[in-house]
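Student: I'd like to ask you about the structure that follows.
Protein chains: 2
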Amino acid sequence: MAEHHTVAQLDERALLERIFPRLGTADVPVGPGDDAAVIEAPDGRTVISIDTLVQDQDFRLEWASGYRSSGFDVGWKCAAQNVSDINAMGAVPTSLVISLTLPGNTPVRWVEDMADGLRTALHELGAERCAVVGGDLGRGAVLVVTAAVTGDLQGRAPVLRSGARPGDVVAVGGSLGRAAAGLALLEGTSGYGGMPPELQALAAAQSRPLPPLALGPRAAQAGAHAMMDISDGLIRDAGRLARASGAALALDYRRLDHFEAPLRQAALMLGADPRHWVLGGGEDHGLLAVFPPAAGLPEGFVHIGSVAEAAACPAEVTVDGEVPDVLGWDHFKG
Amino acid sequence: MAEHHTVAQLDERALLERIFPRLGTADVPVGPGDDAAVIEAPDGRTVISIDTLVQDQDFRLEWASGYRSSGFDVGWKCAAQNVSDINAMGAVPTSLVISLTLPGNTPVRWVEDMADGLRTALHELGAERCAVVGGDLGRGAVLVVTAAVTGDLQGRAPVLRSGARPGDVVAVGGSLGRAAAGLALLEGTSGYGGMPPELQALAAAQSRPLPPLALGPRAAQAGAHAMMDISDGLIRDAGRLARASGAALALDYRRLDHFEAPLRQAALMLGADPRHWVLGGGEDHGLLAVFPPAAGLPEGFVHIGSVAEAAACPAEVTVDGEVPDVLGWDHFKG
Numbered sequence: 001m002a003e004h005h006t007v008a009q010l011d012e013r014a015l016l017e018r019i020f021p022r023l024g025t026a027d028v029p030v031g032p033g034d035d036a037a038v039i040e041a042p043d044g045r046t047v048i049s050i051d052t053l054v055q056d057q058d059f060r061l062e063w064a065s066g067y068r069s070s071g072f073d074v075g076w077k078c079a080a081q082n083v084s085d086i087n088a089m090g091a092v093p094t095s096l097v098i099s100l101t102l103p104g105n106t107p108v109r110w111v112e113d114m115a116d117g118l119r120t121a122l123h124e125l126g127a128e129r130c131a132v133v134g135g136d137l138g139r140g141a142v143l144v145v146t147a148a149v150t151g152d153l154q155g156r157a158p159v160l161r162s163g164a165r166p167g168d169v170v171a172v173g174g175s176l177g178r179a180a181a182g183l184a185l186l187e188g189t190s191g192y193g194g195m196p197p198e199l200q201a202l203a204a205a206q207s208r209p210l211p212p213l214a215l216g217p218r219a220a221q222a223g224a225h226a227m228m229d230i231s232d233g234l235i236r237d238a239g240r241l242a243r244a245s246g247a248a249l250a251l252d253y254r255r256l257d258h259f260e261a262p263l264r265q266a267a268l269m270l271g272a273d274p275r276h277w278v279l280g281g282g283e284d285h286g287l288l289a290v291f292p293p294a295a296g297l298p299e300g301f302v303h304i305g306s307v308a309e310a311a312a313c314p315a316e317v318t319v320d321g322e323v324p325d326v327l328g329w330d331h332f333k334g
Numbered sequence: 001m002a003e004h005h006t007v008a009q010l011d012e013r014a015l016l017e018r019i020f021p022r023l024g025t026a027d028v029p030v031g032p033g034d035d036a037a038v039i040e041a042p043d044g045r046t047v048i049s050i051d052t053l054v055q056d057q058d059f060r061l062e063w064a065s066g067y068r069s070s071g072f073d074v075g076w077k078c079a080a081q082n083v084s085d086i087n088a089m090g091a092v093p094t095s096l097v098i099s100l101t102l103p104g105n106t107p108v109r110w111v112e113d114m115a116d117g118l119r120t121a122l123h124e125l126g127a128e129r130c131a132v133v134g135g136d137l138g139r140g141a142v143l144v145v146t147a148a149v150t151g152d153l154q155g156r157a158p159v160l161r162s163g164a165r166p167g168d169v170v171a172v173g174g175s176l177g178r179a180a181a182g183l184a185l186l187e188g189t190s191g192y193g194g195m196p197p198e199l200q201a202l203a204a205a206q207s208r209p210l211p212p213l214a215l216g217p218r219a220a221q222a223g224a225h226a227m228m229d230i231s232d233g234l235i236r237d238a239g240r241l242a243r244a245s246g247a248a249l250a251l252d253y254r255r256l257d258h259f260e261a262p263l264r265q266a267a268l269m270l271g272a273d274p275r276h277w278v279l280g281g282g283e284d285h286g287l288l289a290v291f292p293p294a295a296g297l298p299e300g301f302v303h304i305g306s307v308a309e310a311a312a313c314p315a316e317v318t319v320d321g322e323v324p325d326v327l328g329w330d331h332f333k334g
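Note that the protein sequences, when read in sequence, are chains A and B. Under UniProt numbering, the first residue of the first sequence is numbered 1, with each subsequent residue one higher. Under UniProt numbering, the first residue of the second sequence is numbered 1, with each subsequent residue one higher.
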């Protein structure tokens, strides 16, 4: 079949036959093709989450900079943001089920690329036990990709948002601000094709994020009191963790400013403040974690502040003792 | 807040606070509000599936007949079609995670109704162990409701599509054709408001389907060789089961024609053939099951044919020995 064929020219069965061979084999009791899949839940529990990408809300097929999001990018991002939620519980991802809503003029090749992006992301992010075990296909006016993801706690307690206690150490694992800088570059008018490699790498942090999947289980093993995925920006997500814990997070910008270094060139080019990307940028899918003060931080985490009594602070989250002027991303208001 | 407010006037947190209290309490290790939920998987396995409803593809906010799909209808249908996939494996539904994509002008009241419809459907269908444990909210041009559902096999083997053997008895549990007749009525030009109650009941079979949740586990306990959800019409789904089993299904219309009786009034009014609804209509979410010949059928199933050698039949599915002229629904081609 020629490259320019669209999904409107195939029925459901024919399209599934194009997708599933690209996803590899799922080593599960029942994989794709039946009414439902069956996965192992070795410790008698299953972690589960769901996340959606909507065209023109969460990604664009064509950006102002001229960059075109490939199916590979969208498949990668779908896998990455879903497995990140499992990572944030201290668990290991075990399966994905995917629902695709496709406009009839979507090229079949785009859908095949999406399957490749899903599989490659799971492999390169280190989610080796995680496979696509099922899915659903339908038609719609815009592309919508939803995945539900499961995880295995390997006998450990889940690390919740609610366990931070005054005196605990606040830490970050992974990067901050890179995906936000990348978003600004993609939405800017400087042509993507002419950007130097270090700026293209920031754009890639937006379109193919790299959640640090080794760090979630490692933090759980190290006795983290609380943890969450930073998907909507450090300040907004720290506020959620603080609220869930009934405590305040006092962040120290001196410990955060090294995250600005890789963003300075993009900030200069766009006339932006890199501090806003560090504090307010989401979608890097790093981890915000809180550890008891006596324990050393596990490898991969950096100390960024401490947990305080809520009553002793002017806000749920402070930076250098002040209320930050950065809000971050509201998924719904956009 | 007044009834006419739209979701564009709320942020994610405020909207979630409107939805979650209506969903009841989930008796699970970790419920809504963290990065992911944690559910019990008592026999060391979890059944999982995903299904999406897209506005103007799977439901209409306003039909030609004047009927308006409520949020309650869409919530009910989302719950029903998802738990049906778990039922078809012989399992019991244990949790739902829901992703909602909402246009900004969606009334908040519509979303609250949807939550009510989800909860009421789970209760009235008998999915007592199943609760909504998590979700995701986002914006988009049309309403898209995706749910992933989990189930518990209670120590039994899953009942797959692939186990039918020549000589087995083919049976149906639940209704056939009612949802298809209801769809034709909703899309017809006769005003919904003026329809007699028995026709409005057919429309309800489309907007609030009633999958027979007791029958899936019962069929598994009775030793069913194969089973699936009839979501795309008896003939199409029977073809899938036949193909998965490497066998043919020989159906006997004499055993099916009693399904026509409740459809005759609608067929007469619309000039339709009720046989097409019985053989080709999906979305009742009844069960197609195959039992060994020696066993009696469990209560709730009716005998509709037998499994034959594929080589001995002119097609994967025959009705009274002939290839049926009814295709059923392709989710993707629509």
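Where is the CB? At the ideal position from N, CA and C, for every residue including glycine. Remember, predicted model here, so these are calculated numbers, not experimental data.
Cβ closer than 9 Å: which chain A residues qualify as neighbours of residue 187 of chain B?
Tutor: Chain A residues near residue 187 of chain B: none, gap ~17 Å exceeds 9 Å.
Student: Below 8 Å on the Cβ atoms is my contact criterion, and I expect residue 108 of chain A with residue 6 of chain A to pass it. Report the Cβ-Cβ distance as a whole number of Å.
Tutor: Right, the Cβ-Cβ distance comes to about 7 Å (below 8 Å), so this counts as a contact.
Student: Kindly provide the ranges of any beta strand (DSSP E) runs that are 3 or more residues long and lie completely inside the segment 126-170 of chain A, ordered along the chain.
Tutor: Correct list: 131-139 and 144-152.
Student: Thinking C-alpha only, which one of A:87, A:57, A:119 and A:185 is nearest residue 72 of chain A?
Tutor: When each option's Cα is compared against that of residue 72 of chain A, the closest is A:119.
Student: Identify, in the order they occur along the chain, each residue of the same chain with its Cβ nearer than 6 Å to the Cβ of residue 192 of chain A, setting aside the five sequence neighbours on each side.
Tutor: 65, 66 and 67.
Student: Out of A:105, A:263 and A:289, which one is the CA nearest neighbour of residue 10 of chain A?
Tutor: Here the closest residue by C-alpha is A:105.
Student: Nearest CA to the CA of residue 97 of chain A: which residue from B:284, B:17, B:175 and B:82?
Tutor: Nearest C-alpha to residue 97 of chain A: B:82.
Student: Rounded to whole angstroms, what's the CA-CA distance from residue 282 of chain B to residue 175 of chain B? Just pull it up for me.
Tutor: Going by the C-alpha atoms only, they are around 10 Å apart.
Student: Let's see if you can read the secondary structure: which residues bound the beta strand (DSSP E) around residue 49 of chain B?
Tutor: Residue 49 of chain B -> beta strand (DSSP E) spans 45-54.
Student: In the structure shown, what three-state DSSP assignment does residue 325 of chain A receive?
Tutor: In this structure, residue 325 of chain A counts as coil in the three-state DSSP scheme.
Student: Quick one: list the residues of chain A neighbouring residue 112 of chain B, beta-carbon separation under 9 Å, in chain order.
Tutor: In chain order: nothing, as chain A lies at least about 15 Å away.
Student: What is the residue span of the beta strand (DSSP E) that residue 226 of chain B lies within?
Tutor: Its beta strand (DSSP E) spans residues 226-230.
Student: List the residues of chain C whose Cβ lies closer than 8 Å to the Cβ of residue 160 of chain B, in chain order.
Tutor: Among the protein chains in the structure shown, which are A and B, there is no chain C.
Student: Spatial neighbours of residue 315 of chain B within its chain, please: C-beta separation below 6 Å, excluding the five flanking residues on both sides.
Tutor: So the qualifying residues of the chain are 323.
Student: Under a Cβ-count criterion, where at least 16 other Cβ atoms within 10 Å of its own Cβ denotes burial, should residue 123 of chain B be classed as buried or exposed?
Tutor: When all chains shown are included, residue 123 of chain B counts as exposed.
Student: Once the 5 residues before and after residue 20 of chain B are set aside, which same chain residues still bring their CB inside 6 Å of it?
Tutor: Contacts found: 32.
Student: Does the beta-carbon distance from residue 150 of chain B to residue 52 of chain A come in below 8 Å?
Tutor: Not in contact: residue 150 of chain B and residue 52 of chain A (Cβ atoms no closer than 8 Å).
Student: Rounded to whole angstroms, what's the CA-CA distance from residue 358 of chain B to residue 234 of chain B? Just pull it up for me.
Tutor: One cannot answer for residue 358 of chain B here, as it falls past the ends of chain B, which runs 1 to 334.
Student: When the cut-off is 8 Å and only beta carbons count, does residue 88 of chain B lie next to chain A?
Tutor: Cβ-Cβ to chain A under 8 Å: yes for residue 88 of chain B.
Student: Can you tell me whether residue 112 of chain B is buried or exposed, with buried defined as 16 or more other CB within 10 angstroms of its CB?
Tutor: Buried, since its Cβ has 16 or more Cβ neighbours within 10 Å.
Student: Starting from the C-beta of residue 1 of chain B, find all residues in its chain whose C-beta is less than 6 Å away, skip the five residues before and the five after it, and write them out in chain order.
Tutor: Unreliable placement is indicated for residue 1 of chain B, whose pLDDT of 45 sits below 50; no coordinate value is reported for it.
Student: Residues of chain A with CB closer than 8 Å to the CB of residue 45 of chain B, please, in chain order.
Tutor: Chain A residues near residue 45 of chain B: 29, 38, 39, 40 and 41.
Student: Can you grab the Cα-Cα spacing for the pair residue 30 of chain A / residue 236 of chain B, in whole Å?
Tutor: Each residue's alpha carbon lies about 22 Å from the other.
Student: Between the segment 214-221 of chain B and the segment 276-293 of chain B, do three or more beta carbon pairs fall short of 8 Å?
Tutor: Judged by Cβ distances under 8 Å, the segment 214-221 of chain B makes contact with the segment 276-293 of chain B, as three or more pairs qualify.
Student: Looking only at its own chain, which residues have a Cβ that is under 7 Å from the Cβ of residue 183 of chain A, when we skip the five neighbours before and after it?
Tutor: The answer, listed in chain order, is 206.
Student: Assuming residue 133 of chain A contacts residue 89 of chain A under a Cβ cut-off of 8 Å, what Cβ separation, rounded to an integer in Å, is found between them?
Tutor: Not really, about 19 Å apart at Cβ, beyond 8 Å.
Student: Starting from residue 136 of chain A, find everything on chain B with Cβ-Cβ shorter than 7 Å and list it in chain order.
Tutor: Simply 50, 51 and 52.
Student: Taking 8 Å as the CB-CB cut-off, is residue 57 of chain A touching chain B?
Tutor: Taking Cβ atoms only, chain B reaches closer than 8 Å to residue 57 of chain A, which makes this a yes.
Student: Any beta-carbon of chain B closer than 8 Å to the one on residue 19 of chain A?
Tutor: No, its Cβ sits nowhere closer than 8 Å to a Cβ of chain B.
Student: For the alpha helix (DSSP H) containing residue 249 of chain A, list its first residue and its last residue.
Tutor: Run containing residue 249 of chain A: none in the alpha helix (DSSP H); it sits in the beta strand (DSSP E), 248-251.
Student: Determine which residues of the segment 275-308 of chain A have a Cβ less than 9 Å from any Cβ of chain B, and write them out in chain order.
Tutor: Against chain B - using a Cβ distance shorter than 9 Å - the segment 275-308 of chain A contributes no residues.
Student: Spell out a yes or no on whether the segment 217-228 of chain B and the segment 293-307 of chain B are touching, meaning 3 or more CB-CB pairs, one atom from each, closer than 8 Å.
Tutor: Verdict: yes, contact present.
Student: Show which residues of chain A have a CB atom less than 7 Å away from the CB atom of residue 175 of chain B.
Tutor: Those do not exist, as residue 175 of chain B stays about 18 Å from chain A at its closest Cβ, beyond 7 Å.
Student: Does the CB of residue 99 of chain A have a neighbour CB from chain B at under 8 Å?
Tutor: Answer yes: the Cβ-Cβ gap between residue 99 of chain A and chain B drops below 8 Å somewhere.
Student: If I'm right that residue 274 of chain B touches residue 80 of chain B with Cβ under 8 Å, what's the distance once you round it to whole angstroms?
Tutor: The pair is not a contact, with the Cβ atoms about 23 Å apart (cut-off 8 Å).
Student: Among B:278, B:263 and B:171, which residue has its Cα nearest to the Cα of residue 299 of chain B?
Tutor: Here the closest residue by C-alpha is B:171.
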